[in-house]
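Novice: First the structure, which I've put down as structure tokens, then a few questions once you've had a look.
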Amino acid sequence: MKKKIEMLIKWLKDKFARKFLYSFKSTILSFYIPIIIFFIFITGMTSYLLAASQIEENAYHNIKTIVFQTGNYLDNRFADALQQLNAVSNEPDLLTVMNKEPEDISPEDYLKVQSHVNGIRSVNGTLIDSIYINFHNGKFVFFRGDDSSSMLKFIYKQYRKRYTDNPYDIYWQNSRSEDIQRGENPSRVISMFKLFGRENAKINGIILFNLRYDFFERVFSKSLLSKSGYLILVNQEDAMTFKKIDEKYQMNNEVIKKLQETKEKEGRLEFKTHKGKTMVVIYDTLQTNQWKLAAVFTQEEILDRVKYIKYITLSLIVLLIIVAVFLTNVLAIYITKPISVLTDSMKRIQGENINFVTDTHPLNEMGVLNQGVKDLVERVKDLLEQINIDQETKRQLEFSVIQTQIHPHFLYNTLYSIKGLCDMGLNEDASAMITALANFFRISISCGKEIISVEEEFSHIRNYLFIQEMRYGDAFSYEINVKPEILSYSIVKLTLQPLVENAIYHGVKQKRGIGWIKVSGYERDGFLCFEVQDNGLGMNRERLQEVRSSLDNRDQGLEKLGLGVRSVYERLQLHYGKEAGLQIASELHEGTVIKVIIPMKQLEDRQNA
């Protein structure tokens, strides 16, 4: 009987082992292979779409950068030429010639003018081709250039009738003008000139600079776009290119008219040529003369790399699927082999021998399973603790970065305002604004300290509001009211400045009329309180509820609150606990009040520490 039972047990174990192994291997082959194939396909297609989108975006960005850099270079050179034009027009020797009677002009006057003109051409010879001066209706004519055929046939009344809209009487024209008699290339010269005299003025004339064609040719040839791409310069009269363009890539008149009429400073548009080619135009505006600089290229060339990536991606997907199927079969055999060894060990159980004995090496999977689970749990605990430490450190670093960041737009706008004051001769106001800016950044940096006194924080606010008030004039007023007894307390740096900035840009600037901002500080019921109040646009009830709910929701808080308010709230929570934070009240068209609360006990503990 005992022998039969043992045989039955052995049969059951063998049957179970074979069924288990077969079931396990079948599960791997029938379930995991389709999942792996699906995962490879989805990953490959996602990678292709992302890469294609990124390549296209990068291509457009690179071309936009080329247009911007080329336009910036042209603006700088044009600005130099304008400066020289203004300089020569204000030369005392030339002014003397202008004021003389035509019959009193002597050869010495020509020599003096020639000396100034030669100096300009020697400095700007790579840009300025020739200089032409004509006063007193052609009775004083001076020309300096390599090609006398480029002299201007100048009739003052015709020019004055045509050019009247510039208060400085400085104008630009391309060589399409019928008034200019050119040599071999009548459509490839750009001129800038200044007119003198209006209506029946005694003095009338022109100073004209012809710019070199080869200068534009060099600049435009260095801006490599693509095989069929080119740069084009568009003004109100015409469009100029400095490269031989295949007819199938040329810009049509309709697109040129769009560029001439658009009010946008920069942008992108597409058009089809008469050959059916889809062309892309990326344009920018030159600051000196408001001409449009445009890059024109075929969309097909941009998408060539995308097609190449598509074919490579599809090939890799097929290859990976084949490799995955092969490796899955190998992996199934490899995984089931230790189980086979384990089942063979189970067969050794005989009769009353219920002790599980395995010949599996302790370093194999089944031999170290129990110890591995125990070690794994301990390691998971260590890792969780380390993750918490790392997350806390990361948050500290994020707050430090937010605290010490300097807004370049604020600095740039402030410096530009200071320049404006200096230009207007308001030196005292400019000096006060510089002092406020220096104090603002001194407190912002604070020698790397994270905690400063309430007095320093309010000094920082005063400097910031002073700067903004100087910038925006009478757009808003402000009031600061802080109790003297709380000035000695220490708080986290940059607690109030982001809130005041928010009140300006999202409050009073969004509402018509004169705005006001009030910043106050006081102690009440065991809390240190600060309020930033404005009479700006405010928020409706739904928006206010969204803002309040997003305070504790870090995932969407940045979108709803903005970086500054989120930074203040989280730093308060981090330094002073959950009792600290922000309270927000607002009514649409009435204004907003943001209240900062800090427990005095936490504040005192940190001061004592």
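In terms of UniProt numbering, the sequence shown opens at residue 1 and continues consecutively. Glycine included, every Cβ here is placed at the ideal spot set by N, Cα and C. Every value quoted in this text rests on a predicted model; they were computed, and no experiment measured them.
If F209 and M192 are in contact, beta carbons under 8 Å, what's the gap, nearest whole angstrom?
Specialist: About 5 Å; that satisfies the 8 Å criterion.
Novice: Mind checking who D104 pairs with in its DSSP beta bridge?
Specialist: Answer by DSSP bridge pairing: none, since D104 is not bridged.
Novice: Given a threshold of 16 other Cβ atoms within 10 Å of its Cβ, counted over all protein chains shown, does L376 qualify as buried or as exposed?
Specialist: At L376 the pLDDT is 46, less than 50, meaning the model places this residue with poor confidence and gives no usable figure here.
Novice: Should the region 484-495 be regarded as contacting the region 542-556, the criterion being three or more beta carbon pairs within less than 8 Å?
Specialist: Verdict: no, contact absent.
Novice: Taking all protein chains shown into account, do 16 or more other C-beta atoms lie within 10 angstroms of the C-beta of Q545, making it buried, or fewer, making it exposed?
Specialist: Answer is exposed; the Cβ neighbour count stays below 16.
Novice: Report the three-state DSSP secondary structure of T126 (helix, strand or coil).
Specialist: Correct three-state label for T126: coil.
Novice: Spell out a yes or no on whether the region 246-262 and the region 39-58 are touching, meaning 3 or more CB-CB pairs, one atom from each, closer than 8 Å.
Specialist: No contact exists between the region 246-262 and the region 39-58.
Novice: Just reading off the alpha helix (DSSP H) that N502 is part of, what are its end residues?
Specialist: Run containing N502: 497-505, per the alpha helix (DSSP H) assignment.
Novice: With a 10 Å radius around its C-beta and 16 neighbouring C-beta atoms as the bar for buried, classify P498 as buried or exposed.
Specialist: Counting Cβ neighbours within 10 Å, P498 comes out buried, since at least 16 surround it.
Novice: Is the CB of V330 under 8 Å away from at least one CB in chain B?
Specialist: No chain B is present in this structure, which holds just one protein chain.
Novice: Judging by CA-CA distance, which residue of L487, K243, K292 is the nearest neighbour of K258?
Specialist: The residue with the shortest Cα to Cα distance from K258 is K292.
Novice: Over what stretch of residues does the beta strand (DSSP E) that includes A294 continue unbroken?
Specialist: Residues 292-298.
Novice: Identify which residue in E456, H460, V500 has its Cα closest to the Cα of S477.
Specialist: When each option's Cα is compared against that of S477, the closest is V500.
Novice: Measure the CB-CB distance between K244 and F220 and report whether it falls below 8 Å.
Specialist: No, the pair does not count as a contact, with Cβ atoms beyond the cut-off.
Novice: Could you tell me whether the Cβ atoms of I128 and L211 are closer together than 8 Å?
Specialist: In contact: I128 and L211 (Cβ atoms closer than 8 Å).
Novice: Keeping to the same chain, check which residues put their C-beta closer than 6 Å to that of S89; ignore five residues upstream and five downstream.
Specialist: Here the set comprises K194, I207.
Novice: Can you pull the DSSP bridge partners for I207?
Specialist: Its beta-bridge partners are I133, K194.
Novice: A51 to I312, Cα distance in whole Å?
Specialist: Answer to the nearest angstrom: the Cα atoms are 12 Å apart.
Novice: CB-CB under 8 Å to E270, same chain, minus the five flanking residues each way: which ones, in chain order?
Specialist: Within the same chain, E270 has close Cβ partners T278, M279, V280, V281, Q299.
Novice: Buried or exposed for F16, please, with buried defined as at least 16 other CB atoms from any protein chain shown within 10 angstroms of its CB.
Specialist: Because F16 sits at a pLDDT of 46, beneath the cut-off of 50, its placement in the model cannot be relied upon, and the following sentence gives the value as read from the coordinates. Burial call: exposed.
Novice: Taking the straight line between their C-alpha atoms, what separation do you get for L456 and G513?
Specialist: In the sequence on display, residue 456 carries Glu and not Leu. C-alpha separation (whole angstroms): 31 Å.
Novice: Excluding the 5 residues preceding and the 5 following S459 in the sequence, name in chain order all residues of the same chain whose CB lies nearer than 8 Å to its CB.
Specialist: Around S459: N439, I443.
Novice: I'd like to know if the region 477-489 and the region 568-577 are in contact, where contact means that at least 3 CB-CB pairs between them fall below 8 Å.
Specialist: Touching, no, given that fewer than three Cβ pairs across the two stretches are closer than 8 Å.
Novice: Put R512 into one of helix, strand or coil per three-state DSSP.
Specialist: DSSP places R512 in coil when its eight states are reduced to three.
Novice: What residues in its chain sit with their C-beta under 8 Å from that of Y163, if we drop five residues either side in the sequence?
Specialist: Excluding positions up to five away in sequence, the list reads D169, Y171, L195.
Novice: On the DSSP letters alone, give me the boundaries of the alpha helix (DSSP H) that P167 sits inside.
Specialist: No alpha helix (DSSP H) contains P167, which DSSP labels as neither H nor E.
Novice: Between which two residues does the beta strand (DSSP E) holding P599 run?
Specialist: Where P599 is concerned, the enclosing beta strand (DSSP E) stretches over 591-599.
Novice: From which residue to which residue does the beta strand (DSSP E) around R160 run?
Specialist: Here R160 belongs to no beta strand (DSSP E); instead the alpha helix (DSSP H) covers 156-162.
Novice: According to the neighbour-count rule (16 or more other Cβ atoms, all chains shown, within 10 Å of its Cβ), is A503 buried or exposed?
Specialist: So A503 counts as buried.
Novice: Output the distance between the C-alpha atoms of M240 and M424, rounded to the nearest integer angstrom.
Specialist: Each residue's Cα considered, the two are about 40 Å apart.
Novice: Are the CB atoms of C529 and K601 within a distance shorter than 8 Å?
Specialist: Contact flag unset, no.
Novice: Tell me the residue span of the alpha helix (DSSP H) that contains V492.
Specialist: Where V492 is concerned, there is no enclosing alpha helix (DSSP H), although the beta strand (DSSP E) it sits in stretches over 490-492.
Novice: Where does E456 fall in DSSP's three states?
Specialist: Here E456 sits in helix by DSSP.
Novice: Given a threshold of 16 other Cβ atoms within 10 Å of its Cβ, counted over all protein chains shown, does D534 qualify as buried or as exposed?
Specialist: Burial call: buried.
Novice: How is A580 classed by DSSP in three states: helix, strand or coil?
Specialist: Here A580 sits in coil by DSSP.
Novice: Could you tell me the distance, in whole angstroms, from the CA atom of L421 to the CA atom of E428?
Specialist: Taking the straight line joining both Cα atoms gives about 9 Å.
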